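Protein chains in written order, with this note's numbering: chain A, 39 to 346; chain B, 111 to 445; chain C, 10 to 565. Even for Gly, the Cβ is constructed at its ideal location relative to N, Cα and C. No experiment lies behind these values; they were computed from the predicted model shown. Here's the structure we're looking at; comments come further down.
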Amino acid sequence: MSDVALKGAPASAPVPARVETPFRRFVSEFCESKVAVGGAIVFAVIALVAIFAPWIAPQNPYDLAQLDIMDGRMEPGTVGGAGFTYWLGTDDQGRDMMSGIMYGLRISLMVGAGSALIACIVGASLGLLAAYAGKKTDTVIMRLVDLQLSFPSILVALMILAFLGKGIMNVVIALVIVEWAYYARTVRGTALVERRREYIEAAQCLALPTHRILFRHLLPNCLPPLIVVATMQVARAIALEATLSFLGLGVPITEPSLGLLIANGYEYMLSGKYWISFYPGIALLITIVSINLMGDQLRDVLNPRLKK
Amino acid sequence: MTVYLVRRLIQALFVVLAMSIIVFVGIYGIGDPVEILISPDADQIERERAVAALGLDLPLWEQYLVFLGNALKGDLGRSFVFNEPALKLILQRMPATMELAFGAMFLSILIGLPLGLYAGLKPDSPVSKGIMAGSILGFSLPTFWVGLMLIMVFAVQLGWLPSTGRGETCSVLGFVGLQPCSEGLQWSFLTWDGLRHMAMPALNLALFKISLVIRLTRAGVRETMLMDYVKFARAKGLSRSRVTFVHVFKNILIPVVTVVGLELGSTIAFSVVTESVFAWPGMGKLIIDSINVLDRPVIVAYLMIIVLLFITINLIVDLTYSMLDPRVRLETKGT
Amino acid sequence: MASLAAAVTGCYNAGQEMLPGRLGMKRMKQRQTGAATMLVAAGVALAAGQAAAQTANIAVGAPVTSIDPHYHQLSPNNAVADIIFDRLVNTDPQSRNIPGLALEWRAVEPTVWEFKLRPNVRFHNGNAFTADDVAFTLQRLPNVPNSPSSFAAYSRTMSRIEIVDPLTIRFHTPQPYPLLPLDMTNVRIVDKETAENATTEDFNSLRAAAGTGPYRAVAHRNGDRIEFERWDGYWGERAPFQRVNYRMVTNDAARTAALLAGDVDLIDQVPTSDVARLRQDQRVRLAEQVGLRLIFLGLDHLRPANENSPYVTDNDGRPLGRNPLADVRVRRALSMAIDRRAIVDRVMEGAAVPANQFLPQGVFGHVGDLPAIPYDPDGARRLLAEAGYPQGFRIQLNGPNDRYINDARIIQAIGQMWTRIGVRTAVEAQPWTTFVGRAGRSEYSSFLIGWGSNPDGSHPLRNILATVNRDRGWGASNRGRYSNPQVDAMLLESLSELNEARRGELIVGAMRIAMEDVAVVPIHIQTNIWATRRGFEYTASVEELTLAQNLRPAPR
Numbered sequence: 039m040s041d042v043a044l045k046g047a048p049a050s051a052p053v054p055a056r057v058e059t060p061f062r063r064f065v066s067e068f069c070e071s072k073v074a075v076g077g078a079i080v081f082a083v084i085a086l087v088a089i090f091a092p093w094i095a096p097q098n099p100y101d102l103a104q105l106d107i108m109d110g111r112m113e114p115g116t117v118g119g120a121g122f123t124y125w126l127g128t129d130d131q132g133r134d135m136m137s138g139i140m141y142g143l144r145i146s147l148m149v150g151a152g153s154a155l156i157a158c159i160v161g162a163s164l165g166l167l168a169a170y171a172g173k174k175t176d177t178v179i180m181r182l183v184d185l186q187l188s189f190p191s192i193l194v195a196l197m198i199l200a201f202l203g204k205g206i207m208n209v210v211i212a213l214v215i216v217e218w219a220y221y222a223r224t225v226r227g228t229a230l231v232e233r234r235r236e237y238i239e240a241a242q243c244l245a246l247p248t249h250r251i252l253f254r255h256l257l258p259n260c261l262p263p264l265i266v267v268a269t270m271q272v273a274r275a276i277a278l279e280a281t282l283s284f285l286g287l288g289v290p291i292t293e294p295s296l297g298l299l300i301a302n303g304y305e306y307m308l309s310g311k312y313w314i315s316f317y318p319g320i321a322l323l324i325t326i327v328s329i330n331l332m333g334d335q336l337r338d339v340l341n342p343r344l345k346k
Numbered sequence: 111m112t113v114y115l116v117r118r119l120i121q122a123l124f125v126v127l128a129m130s131i132i133v134f135v136g137i138y139g140i141g142d143p144v145e146i147l148i149s150p151d152a153d154q155i156e157r158e159r160a161v162a163a164l165g166l167d168l169p170l171w172e173q174y175l176v177f178l179g180n181a182l183k184g185d186l187g188r189s190f191v192f193n194e195p196a197l198k199l200i201l202q203r204m205p206a207t208m209e210l211a212f213g214a215m216f217l218s219i220l221i222g223l224p225l226g227l228y229a230g231l232k233p234d235s236p237v238s239k240g241i242m243a244g245s246i247l248g249f250s251l252p253t254f255w256v257g258l259m260l261i262m263v264f265a266v267q268l269g270w271l272p273s274t275g276r277g278e279t280c281s282v283l284g285f286v287g288l289q290p291c292s293e294g295l296q297w298s299f300l301t302w303d304g305l306r307h308m309a310m311p312a313l314n315l316a317l318f319k320i321s322l323v324i325r326l327t328r329a330g331v332r333e334t335m336l337m338d339y340v341k342f343a344r345a346k347g348l349s350r351s352r353v354t355f356v357h358v359f360k361n362i363l364i365p366v367v368t369v370v371g372l373e374l375g376s377t378i379a380f381s382v383v384t385e386s387v388f389a390w391p392g393m394g395k396l397i398i399d400s401i402n403v404l405d406r407p408v409i410v411a412y413l414m415i416i417v418l419l420f421i422t423i424n425l426i427v428d429l430t431y432s433m434l435d436p437r438v439r440l441e442t443k444g445t
Numbered sequence: 010m011a012s013l014a015a016a017v018t019g020c021y022n023a024g025q026e027m028l029p030g031r032l033g034m035k036r037m038k039q040r041q042t043g044a045a046t047m048l049v050a051a052g053v054a055l056a057a058g059q060a061a062a063q064t065a066n067i068a069v070g071a072p073v074t075s076i077d078p079h080y081h082q083l084s085p086n087n088a089v090a091d092i093i094f095d096r097l098v099n100t101d102p103q104s105r106n107i108p109g110l111a112l113e114w115r116a117v118e119p120t121v122w123e124f125k126l127r128p129n130v131r132f133h134n135g136n137a138f139t140a141d142d143v144a145f146t147l148q149r150l151p152n153v154p155n156s157p158s159s160f161a162a163y164s165r166t167m168s169r170i171e172i173v174d175p176l177t178i179r180f181h182t183p184q185p186y187p188l189l190p191l192d193m194t195n196v197r198i199v200d201k202e203t204a205e206n207a208t209t210e211d212f213n214s215l216r217a218a219a220g221t222g223p224y225r226a227v228a229h230r231n232g233d234r235i236e237f238e239r240w241d242g243y244w245g246e247r248a249p250f251q252r253v254n255y256r257m258v259t260n261d262a263a264r265t266a267a268l269l270a271g272d273v274d275l276i277d278q279v280p281t282s283d284v285a286r287l288r289q290d291q292r293v294r295l296a297e298q299v300g301l302r303l304i305f306l307g308l309d310h311l312r313p314a315n316e317n318s319p320y321v322t323d324n325d326g327r328p329l330g331r332n333p334l335a336d337v338r339v340r341r342a343l344s345m346a347i348d349r350r351a352i353v354d355r356v357m358e359g360a361a362v363p364a365n366q367f368l369p370q371g372v373f374g375h376v377g378d379l380p381a382i383p384y385d386p387d388g389a390r391r392l393l394a395e396a397g398y399p400q401g402f403r404i405q406l407n408g409p410n411d412r413y414i415n416d417a418r419i420i421q422a423i424g425q426m427w428t429r430i431g432v433r434t435a436v437e438a439q440p441w442t443t444f445v446g447r448a449g450r451s452e453y454s455s456f457l458i459g460w461g462s463n464p465d466g467s468h469p470l471r472n473i474l475a476t477v478n479r480d481r482g483w484g485a486s487n488r489g490r491y492s493n494p495q496v497d498a499m500l501l502e503s504l505s506e507l508n509e510a511r512r513g514e515l516i517v518g519a520m521r522i523a524m525e526d527v528a529v530v531p532i533h534i535q536t537n538i539w540a541t542r543r544g545f546e547y548t549a550s551v552e553e554l555t556l557a558q559n560l561r562p563a564p565r
């Protein structure tokens with residue numbers, strides 16, 4: 039490991055020709071932090087709940103025929119007309135909050151992770167390209183970033199969703215368009231510094247193909263800030279989706295995500311019916327915190343310059 | 111340097127042009143402003159009159175050319191809703207948003223930087239873990255929800271702070287006694303009542319940034335502390351505080367400056383939610399109201415101003431970058 | 010870093026210390042110029058008891074876009090105009106016509122209305138009010154530049170304006186026109202001398218905003234607040250407050266919070282979710298009145314029986330080949346399937362009354378003996394079977410989500426109810442901006458929308474139930490494209506009938522036919538709710554306008 043400490047040495051993580059598999063090393067390093075492992079376990083549980091929601095939820099909250107407004111806004115623990123207990127209460131439409139949260143998790147995770155992943159791929163590629171190619175390419179891409187960042191995300195989303203109509207896929211598309219620029223800008227900033235380092239020059243002297251230099255050499259060294267941004271952007275994506283839903287532009291009202299559940303309950307907060315907004319809020323919080331705990335440790339593990 | 115600036119300005123012009131076209135087409139795609147603005151009981155003749163009065167009877171490209179022609183003369187059009195020049199409306203609202211955004215930035219640096227430094231220098235202490243947990247909470251909570259919680263706790267339950275609005279304002283010249291307070295650009299931070307009104311929205315807006323600054327600072331500190339030059343400085347026998355504040359601090363400033371600079375622009379542009387929760391009469395609220403009624407001249411003018419603002423901020427960030435990190439050189443053609 | 014922070018804090022403290030002195034100076038200056046500052050108001054407010062009679066703070070939910078009373082036909086603007094200006098015919102809280110700037114009015118001939126004007130009325134600038142001002146106002150209506158929704162319709166019905174003497178004015182119309190006094194309740198009279206050549210901007214900057222109303226505007230910050238002061242020369246009852254701050258707080262929860270925190274004394278558009286709690290709260294008093302806004306469903310009448318309606322399919326999602334909504338039995342079934350009581354109680358939390366027609370009881374055009382629509386899911390299923398849909402069909406119900414109180418919740422509830430009678434309903438709520446255009450082009454099969462009526466049955470008939478006809482100006486909001494020659498004929502006759510009794514028969518008759526034909530599906534009529542702090546009292550009105558003059562200190 040001593041070579042890593044040398045300034046500007048090539049990235050250690052994905053370099054081939056190593057006897058110990060990188061993955062195993064990565065796992066053992068990740069497990070050094072108990073908090074991160076805890077986060078991963080919580081996240082795994084949440085993901086499982088989300089995936090198996092249709093089989094474990096007491097009610098299908100998206101089927102209007104199963105809802106009854108006469109069961110609306112019931113307190114947690116009330117037994118409803120359908121004969122089962124609403125452990126977390128019901129919302130204004132008589133939707134079981136527990137089922138709603140399980141189904142909502144599915145949508146929020148799908149939207150949040152999906153859009154962050156796609157935006158990250160698109161944004162990081164463009165950012166790398168801008169930094170590496172420089173000149174015209176850099177100019178075009180960075181002006182595009184300026185253009186993108188100049189639009190309030192809500193306006194962009196409003197326009198996109200007005201063209202495409204509502205729906206989960208369209209929300210993802212809107213979020214990707216809103217977010218890619220952050221990744222591009224971040225990666226470019228780091229890559230600008232990195233690409234002047236000796237190892238890139240060395241790679242260039244070896245006449246390695248551009249894509250190889252970009253993705254095998256430059257990218258791994260740009261990862262730490264990218265991961266910081268990405269973990270925040272997953273949270274941001276979920277929150278933005280909530281805001282879009284809050285403004286009535288997100289997912290359809292009959293298929294609420296966590297964000298929409300919170301938004302729906304928002305106006306009942308003051309009148310004491312806290313559970314409509316509170317429990318989805320807690321679910322959202324736990325989800326995001328667990329993702330971030332993992333992200334924190336990932337960053338430490340993946341950062342080649344942070345090795346002890 | 112001059113060449114560089116001129117080139118950036120020309121690029122900016124293209125960005126503004128492209129943006130205005132996109133907004134024109136975009137709003138055209140969303141809906142018809144007259145449908146939204148007109149009184150429901152207006153008959154067909156009145157509807158046609160309104161369409162013509164707002165210049166919406168022309169084909170879209172012609173409307174755009176009219177707009178462009180006026181824009182070159184410095185006229186960005188009149189608001190459909192307020193019947194006042196769009197630019198004037200926005201400038202009227204600008205101080206409110208600016209002081210909110212700067213207040214939030216100020217808070218985020220003031221709170222975020224020391225906490226991040228501490229967490230980075232003593233990563234294993236319980237306090238640092240608490241700070242990091244807090245920072246995770248800070249950007250996990252949806253803004254509108256936090257805003258309402260703040261109102262519920264500090265205004266309704268405790269009654270310490272006013273719930274909404276901007277409170278009393280004063281102009282800078284009025285503050286120093288040269289003219290009545292009510293004339294000129296109005297600022298809240300010049301009056302005690304205004305500051306009290308500003309506290310909650312600024313904190314609400316700052317919450318996300320504080321977390322961001324904490325995390326960036328901590329990440330930077332942790333990385334930098336392992337750098338050879340830091341080790342070298344320590345080995346040389348420099349005091350810990352000198353190493354921290356001179357060597358480490360200078361290096362972590364780069365990412366923090368970038369992000370804070372970038373975030374200043376986005377804080378201004380995205381203060382929409384905070385402004386509507388706290389009924390803060392800034393540009394963000396104006397733009398959301400304008401979008402709701404498709405007040406195109408205001409939307410276009412607002413976005414043009416925001417684009418210019420972003421370009422300026424990006425430019426400043428890039429310039430600062432090059433000053434702080436000599437490894438980054440400004441690109442000029444032919445070099 | 011730390012020293013920098015300390016320096017900044019130091020500056021702040023210094024600034025604050027210096028504050029009172031400066032403000033004191035400023036206070037003097039402004040008193041001299043006659044404009045009392047907010048500070049004075051705030052200072053007085055501290056002296057609790059007396060303060061109530063001096064200053065009132067109002068938070069309204071809808072933004073006022075202009076002070077020009079003829080620029081934009083929009084409720085919040087009209088409310089502010091009704092505080093500053095007067096009309097020839099004012100309205101009482103029940104929306105009945107009462108003398109305003111006119112003392113009396115009558116049709117001296119079938120085509121001539123004569124208005125006797127109130128003597129000794131002065132505008133806020135001291136000018137005397139005369140017939141010239143009325144004539145000028147009516148001429149100004151169609152000539153406000155860039156108006157997105159003008160008041161021109163109210164002067165377009167006149168062929169000639171005749172000033173008989175300074176206090177008598179006659180309006181000539183081509184045909185007998187019974188609605189002219191009602192029209193005059195929408196026209197705010199401005200001062201000819203001030204408003205001649207004045208632009209909307211001049212009104213917004215208050216240079217031209219001189220009216221005859223109980224309060225005069227002294228400060229205006231666009232989209233934020235308007236400040237009023239009592240007009241001591243008012244012709245009517247003296248306004249109760251020296252000063253009124255009229256703030257716009259569009260966020261519902263924030264408005265309630267401001268009231269509970271004691272920052273404002275009156276709020277309008279109380280969110281239904283807060284009504285139950287506020288009713289319990291000792292610090293707050295509610296003022297409620299059933300309004301004139303009907304929430305209803307529009308149905309696709311445009312496609313004939315043998316064509317597809319855009320959002321109706323069979324149970325497998327295939328086109329039906331016919332439009333079931335063209336069959337009155339289907340329409341009736343859909344109406345009977347709705348549990349209006351449940352919607353009012355559960356979704357609206359009591360802030361509405363179930364409706365079977367456009368206007369509430371006691372308003373001209375209300376059909377007295379129209380039976381309430383029963384909630385009868387079994388009967389609805391039978392009717393569907395009779396109409397040839399024993400297995401029901403699929404439909405998409407559209408609606409806005411930011412326009413009417415609980416709009417998105419109502420359509421979900423209706424979706425539940427329709428699904429239970431076998432009409433599987435998908436619910437789609439959109440922002441008004443995208444919704445209204447598509448509804449206007451009749452792109453939906455069924456949609457929720459609202460209508461705030463004038464207190465006269467001809468208003469909804471003409472705009473929503475009459476066949477779309479550009480020349481007559483009918484059916485401009487008939488988004489379902491309902492058309493019934495019988496309704497049209499009776500409406501046409503009523504529009505030139507000066508005998509109120511006969512006109513009433515025609516309007517009620519036309520309304521009955523349309524409602525029995527289920528032209529639209531009425532859901533409920535909204536209740537207008539205001540909330541005041543204790544010590545204040547607000548007179549709730551049928552109109553949704555929030556008027557400063559309706560707020561007064563509560564009698565002790």
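- prompt: In chain C, what lies closer than 8 Å to D106 (chain A) by C-beta?
  reply: Q425
For F237 (chain C), the first and last residue of its enclosing beta strand (DSSP E): R234 to R239
query: Which bits of chain A does N361 (chain B) rub up against, with CB to CB less than 8 Å?
result: Ordered by position in chain A, no residue passes the 8 Å Cβ test against N361 (chain B), which lies about 11 Å from the chain.
task: Give a yes or no on whether 9 Å exceeds the smallest Cβ distance from N213 (chain C) to chain B.
output: yes
field: Extent of the continuous beta strand (DSSP E) to which R252 (chain C) belongs
entry: R252 to M257
- request: Taking C-beta pairs closer than 7 Å, name the residues in chain F that S158 (chain C) reaches, listed in chain order.
  value: The chain inventory of the structure shown lacks chain F, comprising the protein chains A, B and C.
message: On the DSSP bridge list, what partners appear for H533 (chain C)?
response: H533 (chain C) is bridged to C:I304 and C:P363.
field: Simplified DSSP assignment, three categories, for C291 (chain B)
entry: coil
message: I'd like to know if S318 (chain C) contacts chain A, where contact means its C-beta is closer than 9 Å to some C-beta of that chain.
response: no
task: Check the Cβ-Cβ distances between S315 (chain A) and every residue of chain B, and say whether any is below 9 Å.
output: yes
task: Look at the alpha carbon of V362 (chain C) and the alpha carbon of P409 (chain C), and state the distance between them as a whole number of angstroms.
output: 21 Å
query: With V356 (chain C) and D134 (chain A) assumed to form a contact (beta carbons below 8 Å), what rounded beta-carbon distance in angstroms separates them?
result: Not really, about 18 Å apart at Cβ, beyond 8 Å.
task: Measure the alpha-carbon distance for D325 (chain C) versus P333 (chain C) and round it to whole angstroms.
output: Each residue's alpha carbon lies about 16 Å from the other.
message: Here's the rule: buried if 16 or more other CB atoms are within 10 angstroms of the residue's CB, otherwise exposed. What is K174 (chain A)?
response: exposed
message: Please tell me whether A316 (chain B) has its Cβ less than 9 Å away from any Cβ of chain A.
response: So no, A316 (chain B) is outside the interface.
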